[in-house]
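Residue numbers (the working numbering): 3 to 273.
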């Protein structure tokens, strides 16, 4: 009986040892069939779970590094491009005045490529030209003054000026008699509601309101100087039309076209 129990215990121990011990595959001597042999070859060639996890971790790391490098290159290239644009647009105009004895004086303007730097004074010169010729009364020049002022006006405004205002008759009478006295117009300042960009595609359709502050000066000194305000509404003549009219181009270089105007006496008569 005791031997039987001992035999059972030994058998269980031997079975447990057999289960715990690794399986020893017999050499391929024709014992295993071909499907089993292929399956064993696949299993024995696979990596362990720890090795797979390590490889995945390394792969994710290098992916992250590659992504970071790409992002860094993009940010760096954008930074270089912005720096290049700032450098290209950092334009300063240098005015150098050279004296006959060789001395020179330089001034720097830091407004960069402002397109209105010269264009706005060019516009102002045309508006001054119109205001002075339209409103001054000088016997020797009034006929030519009115003719020159009419060149700045639209066709409709020209008809109103010549027909309704009787400009031609007024100029002829004043040239002959000088009744009312002679006076000049001195422009003191010009204020624009906006300014046309000379490079803008819609420059011909932009309408500008300008205020011109002038002094009416009597040549014979019989009256005190009067402060006047001239309100102007104007736009630009298309370049194609301006270039075909050489007389207009000579007197009205930027191509200002007056749409409406009127003069009022300033409330403040102080200089």
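A virtual CB, placed ideally from N, CA and C, is assigned to each residue, including glycine. In this text the structure is predicted, and so the values were computed from the model without any measurement.
Residues near residue 130 by beta carbon distance below 6 Å, same chain, minus five either side: 189
Local conformation of residue 261 per DSSP, three classes: For residue 261, the secondary structure class from DSSP, reduced to helix, strand or coil, is strand.
Span of the alpha helix (DSSP H), counted from its first residue to its last, around residue 235: Not the alpha helix (DSSP H): residue 235 falls in the beta strand (DSSP E), residues 228-238.
Backbone secondary structure at residue 208 - three-state DSSP: Secondary structure of residue 208 (DSSP, three-state): coil.
Beta-carbon proximity check, residue 132 vs residue 260, cutoff 9 Å: Contact flag set, yes.
Touching by the beta-carbon criterion (3+ pairs, under 8 Å), the region 241-253 and the region 224-231: Result no; under three Cβ-Cβ pairs closer than 8 Å.
Euclidean distance between Cα positions of residue 60 and residue 70: 15 Å
Assumed close pair residue 154, residue 243 - CB separation to whole angstroms, cut-off 8 Å: That belief does not hold up - the Cβ atoms of residue 154 and residue 243 are roughly 14 Å apart, past 8 Å.
Same chain, Cβ closer than 7 Å to residue 220, neighbours up to 5 away in sequence not counted: 183 and 185
Beta-carbon separation (whole angstroms), residue 208 vs residue 237, contact threshold 8 Å: A Cβ-Cβ separation of about 6 Å places residue 208 in contact with residue 237 under the 8 Å criterion.
Beta-carbon proximity of residue 215 to residue 234, cut-off 9 Å: no
Endpoints, the alpha helix (DSSP H) within which residue 101 is located: From DSSP, residue 101 is part of no alpha helix (DSSP H); its letter is neither H nor E.
CB of residue 177 within 9 Å of CB of residue 142, strictly: yes
Any C-beta of chain B under 9 Å from that of residue 193: Annotation note: the requested chain B is absent from the structure, which comprises a single protein chain.
Residue environment, residue 168, which counts as buried when at least 16 other CB atoms sit within 10 Å: So residue 168 counts as exposed.
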